[in-house]
Amino acid sequence: MEYRNLGNTDIKISALALGCWSFGGGGPWGEQDDRDSIDTVSAALDAGINFFDTAEGYGRSEEVLGQALAGRRDRAVLATKINYNHLTGPELIAACEDSLRRLRTDWIDLYQIHWPNPAVPVEESLAAMQTLQAKGKIRAIGVSNFGVRDTTRALAACHVDTNQISYGLLWRAPEFEIAPLCRQHDVGIICWGPLGEGLLSGKFASADDVPRSRRGTRYFSGARPETSHGEEGCEELTFATIEAVRRISQEIRQPMAAVALAWLLYQPGVTAVLAGARTPQQIRENARAGRLALTPETVAALSAATEELKQRLGSNQDMYLSADQSRIV
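Residue numbers (my numbering): 180 to 508.
In structure tokens, the structure reads:
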């Protein structure tokens with residue numbers, strides 16, 4: 180497993196991280212057995228994965244992760260996120276204490292604003308995070324789903340170590356604006372949704388094969404009742420692109436999902452890639468990407484195969500809403 184610095188800090192993290200949203204159960208994931216989650220964390224540690232990302236908004240995820248790491252907290256780098264509605268100074272301080280309790284730890288390695296809230300000045304939130312940092316409650320400060328405007332404003336208030344954004348072979352919107360800004364200011368990029376909500380798993384041959392709960396993104400036609408973006412979508416191009424990625428993966432005899440995750444690790448500015456897993460087998464499969472070396476020719480071929488889709492979707496970083504509705508600005 181490759182290890183990298185967390186943003187501009189000296190904290191060493193596995194380049195492939197375990198996203199723990201599914202540990203909370205419910206929502207798009209369905210029910211999740213706590214024993215499976217705990218075993219998945221054990222398998223991750225055995226595979227060399229030491230970076231775990233959760234959020235107070237992920238149901239019981241923090242609680243389950245805290246239970247899973249009991250007695251081995253020193254082997255893990257913990258990241259969690261603050262809810263949109265807990266960003267005033269006093270609320271943020273209280274939210275951190277609640278997360279510490281649920282995670283069964285005295286400190287959080289990376290504390291992140293989950294989504295920007297226009298009603299609360301980011302300067303107020305970051306000042307509270309700096310207070311927590313001075314007290315040793317958190318080690319690094321991060322944001323999530325921040326676009327160019329919000330990231331620029333945050334950087335004017337203090338140094339931000341990371342920005343967690345949606346980024347993957349099928350979703351290359353960050354490359355237009357936000358990724359260059361992050362690189363310019365030494366803000367590490369943490370990638371969520373690297374497999375396009377399962378599209379790069381190879382399970383689906385067409386848009387109609389995708390479960391309805393996963394058809395809300397801008398890949399899909401705005402005529403579908405599951406969407407809210409009102410755009411034309413690009414279903415035919417999306418699945419043609421997936422097929423092109425599949426062919427390249429077959430040529431190098433590697434699973435498409437592992438190839439997609441590995442490609443991200445070659446992109447400039449990327450600190451870590453989050454991949455969710457619900458079972459030990461899934462995390463072992465994901466861990467292959469952290470050890471998978473791609474040639475420059477393969478990286479270039481994958482980029483070329485997804486370029487048209489990148490241009491069609493454009494620079495709007497919001498995967499679910501149109502540019503005039505976007506929450507990421």
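No residue lacks a Cβ here, since even glycine has one placed at the ideal position from N, Cα and C.
Please read these numbers as outputs of a predicted model, since none were measured by experiment.
Host beta strand (DSSP E) of residue i (start-end)
i, result
"residue 323", "317-323"
"residue 363", "Looking at the DSSP string, residue 363 is not in any beta strand (DSSP E); the run it does join, the alpha helix (DSSP H), is 357-363."
"residue 369", "367-371"
"residue 268", "Careful: residue 268 lies outside any beta strand (DSSP E), inside the alpha helix (DSSP H) at 268-282."
"residue 183", "182-184"
"residue 453", "449-455"
C-beta atoms of residue i and residue j nearer than 7 Å
i, j, result
"residue 463", "residue 194", "no"
"residue 398", "residue 417", "yes"
"residue 249", "residue 231", "no"
"residue 319", "residue 289", "yes"
"residue 215", "residue 458", "yes"
"residue 198", "residue 237", "no"
"residue 352", "residue 494", "yes"
"residue 187", "residue 340", "yes"
"residue 435", "residue 381", "yes"
DSSP three-state assignment for residue i, whether helix, strand or coil
i, result
"residue 465", "helix"
"residue 440", "helix"
"residue 400", "coil"
"residue 190", "coil"
"residue 343", "strand"
Within-7 Å CB hit, residue i to chain B
i, result
"residue 317", "In the displayed structure, chain B is absent; only one protein chain is listed."
Per DSSP, the bridge partner or partners of residue i
i, result
"residue 232", "198 and 258"
"residue 407", "Residue 407 is not bridged to any residue."
"residue 290", "259 and 320"
Residue i, enclosing alpha helix (DSSP H) - first and last residue
i, result
"residue 222", "213-225"
"residue 507", "No alpha helix (DSSP H) contains residue 507, which DSSP labels as neither H nor E."
"residue 481", "475-492"
"residue 385", "Careful: residue 385 lies outside any alpha helix (DSSP H) and carries neither H nor E."
"residue 471", "From DSSP, residue 471 is part of no alpha helix (DSSP H); its letter is neither H nor E."
"residue 304", "301-313"
"residue 421", "414-430"
"residue 328", "327-336"
"residue 240", "240-247"
Distance, residue j Cα to residue i Cα
i, j, result
"residue 257", "residue 190", "11 Å"
"residue 274", "residue 327", "26 Å"
"residue 451", "residue 395", "25 Å"
"residue 420", "residue 267", "43 Å"
"residue 485", "residue 222", "32 Å"
"residue 181", "residue 402", "43 Å"
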